[in-house]
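As numbered in the working numbering, residues 7 to 201 make up the sequence shown, in order.
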Amino acid sequence: MTDEYKTITGQTVEGYYTEKRSKFLAFAHHVESVAEVKELIAGYRKKYYDARHVCYAYMLGAERKEFRSNDDGEPSSTAGKPILGQINSNELTDILIVVVRYYGGVNLGTSGLIVAYREAAADAIAHAEVVIRQVEEVVTYSFSYPMMNDVMRIVKDMSPRIVSQTYDNTCEIKLAIRQSEAEQLRSRLKKLTFE
7 MTDEYKTITG QTVEGYYTEK RSKFLAFAHH VESVAEVKEL IAGYRKKYYD
57 ARHVCYAYML GAERKEFRSN DDGEPSSTAG KPILGQINSN ELTDILIVVV
107 RYYGGVNLGT SGLIVAYREA AADAIAHAEV VIRQVEEVVT YSFSYPMMND
157 VMRIVKDMSP RIVSQTYDNT CEIKLAIRQS EAEQLRSRLK KLTFE
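See below:
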C-alpha cells in the first residue's frame, strides 16, 4: 500500500478551450469534502447563470475511491467522464474540476464534446501546481512527566508533526506521521513505558 497521493495546491486554476464558437471555461480546485464540492458547484451555477452547461467531476481521498462526474444536460458521458478521465490520467485526488460551457450556436457532436471537455480539463490541470502528499496516521501517547525527554527524543528522531500536547500529572501527545512509519513510532513509544 502506498502512503502518498497526488493533488493540486490550494489556489484555483483556470483552463480554456474553444471550438466552433462554443467556449469551455475550466476551473480546478483543491477540495477535501463533498460539502465543499457542492458549495463550489452552487457558486459556479450562480456566477455563470447564463451558461448552457456547468459540468464537473471530482475525486476525493487518498485511496481515490470517492468520485463523481456530471454531464449537466450534455449527452450522456460527453462531459463529466472526459473531465474525470483527466483527473485519473494525472492520478490526482482531492480535486474538483468544473467546466462551464457557453454554447456557440453550432452542435459539436458527441466526439467533439468529449474532446472539448477533456481539453478544457487538461488545460486547467496544466496550469495547476501538482504536489505529492503523505497519508498520515495520528498516534496518541500518554506518559508521565518524567518521561518527557525520552518522548521528545523519539519525536526529534522520527520527525512526526505534533498535533496537540497536554502537560499535566499525565501528559498526552498526539503525533501525525506518515502511515508507513506509524507502527514504528507506536512501538518505540510503547518501549518507553516498559523501560
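Don't be surprised by glycine CBs; every beta carbon is placed ideally from N, CA and C.
Note that this is a predicted model, so its numbers are computed, not measured.
For the 9 Å CB-CB criterion, residue 156 and residue 198 form a contact.
Here residue 138 is near residue 12, since their CB atoms are less than 9 Å apart.
Distance from the CA atom of residue 96 to the CA atom of residue 176, rounded to whole angstroms, is 47 Å. Distances from the CA of residue 143 to each of 74, 20 and 185 were compared; the closest alpha carbon is that of 185. According to DSSP, residue 158 shares a beta bridge with no other residue.
At a Cβ-Cβ threshold of 9 Å, residue 89 and residue 126 count as neighbours. Proximity to residue 77 across 173, 124 and 69 peaks at 124, based on C-alpha coordinates.
For a cut-off of 8 Å, the C-beta gap from residue 130 to residue 45 is around 19 Å, too long to register as a contact.
CA-to-CA, the gap between residue 154 and residue 30 works out to about 58 Å. In the DSSP secondary-structure assignment, residue 40 is not bridged to any residue. In the structure shown, the three-state DSSP call for residue 17 is coil. Taking residue 141 as the centre and dropping the five residues before and after it, the same chain places the C-beta of 9, 68 and 185 closer than 6 Å to its C-beta, in chain order.
Counting along the chain, the unbroken beta strand (DSSP E) around residue 76 starts and ends at 72–76. Note on geometry: alpha-carbon atoms of residue 121 and residue 133 lie some 18 Å from one another.
The secondary-structure analysis by DSSP pairs residue 148 across a beta bridge with 178. For the pair residue 66 and residue 15, the CB atoms are not nearer than the 9 Å cut-off.
Taken through DSSP and simplified to helix, strand or coil, residue 51 comes out as helix. Take the alpha-carbon of residue 109 and the one of residue 119: they are about 11 Å apart. For the 9 Å CB-CB criterion, residue 107 and residue 58 form a contact.
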